Structures are given as structure tokens and as C-alpha cells.
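Visitor:
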Amino acid sequence: MASRRKEHQEDAKLRVFQIINDNPQLTTREIAKNIGISHGSAYYLLTSLIDKGYVKLSNFKENSQKSRYFYLLTPKGIREKSLIANQFLIRKKLEFKLLKEEIDLLEKSVGNVSHDKQKDI
């Protein structure tokens, strides 16, 4: 159970890194909505990433609303994003392999779906 929670947290962290990288001016609320977590969770996660030095909080110098901030990935954050993305890929490839094996077993037990038909799906 704890490992599932950790995986979920790592997935959320990766999504935050991706969102910040693509659109740094999003608000915490918008980031939360894009990830599918609560605003409080997004705020907590972003604060944690800032505290660890992965994300830097800056404000728009040209913006008339000086209170408007945006998030930037630091070099340390870019490195962390790469590590998490790599771990994510490894985990998802393993999940895919196991799921494919399970599907193959089910197809054999049912006996009515061949691998040729699988290619059409």
C-alpha cells in the first residue's frame, strides 16, 4: 500500500514538473486541476519542490499585477524530472509486459481471440 502511495506521489511530481516546464505561469489551482489533485495537495507539493530546490518561484517583471508569479525548473529540478521520468518509464514498461502476459493467458483460456486479431485492435 505504501509503495502505491509513493508511486502516486512520484507520478504527481512528474506531472508537476511537466506542467511547469510547458506552462510556468499556471496558478497552483490550475496545476491541481490539470493533475487531478486538490488545491491543497498541489500547494503542498509545489512548496516541497521549492524547498528542495527543484522549482524556483519568480514574478513577472513586465506584468502590471506584481503579485502574479510563475514557476521555473532549476537545473536540479530538470535533473530530478529526468530521473523520475526514467523510473516512470521502467515501471510502466514492466506493467505493460505483465498486462500483456495476462491478456495472452486469458486469450488462450477463452480460445476465441488470436494474436492476428489483436493487431487489428
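Each residue of the sequence shown is one higher than the one before, counting from 1111 in the working numbering.
Beta carbons are placed, not taken as given, at the ideal position from N, Cα and C, and that holds for glycine.
From a predicted model like this one, the values you see are computed outputs, not experimental measurements.
Between which residues of its own chain and A1152 is the CB-CB distance below 6 Å, once the five residues before and five after are set aside?
Guide: Once the five neighbours on either side are set aside, the close Cβ partners of A1152 are T1138, I1141 and A1142.
Visitor: Cutting at 7 Å between CB atoms, please list the residues of its own chain near N1144, excluding the five before and the five after it.
Guide: Result list for N1144: I1129, in chain order.
Visitor: Run through the DSSP bridge pairs and tell me what Y1181 is partnered with.
Guide: According to DSSP, which records beta bridges pairwise, Y1181 is partnered with L1167.
Visitor: For Y1164, which option in E1217, D1132 and V1126 has the closest C-alpha, if you only look at C-alpha atoms?
Guide: Cα-wise, what sits closest to Y1164 is V1126.
Visitor: Assuming P1134 contacts L1204 under a Cβ cut-off of 8 Å, what Cβ separation, rounded to an integer in Å, is found between them?
Guide: Rounded, the Cβ-Cβ distance is 32 Å, inconsistent with contact.
Visitor: Where I1200 and N1131 are concerned, what is the direct C-alpha to C-alpha distance, given to the nearest angstrom?
Guide: Spanning the two alpha carbons is a distance of roughly 22 Å.
Visitor: Going by DSSP, what residue range makes up the alpha helix (DSSP H) through K1143?
Guide: K1143 -> alpha helix (DSSP H) spans T1138 to I1145.
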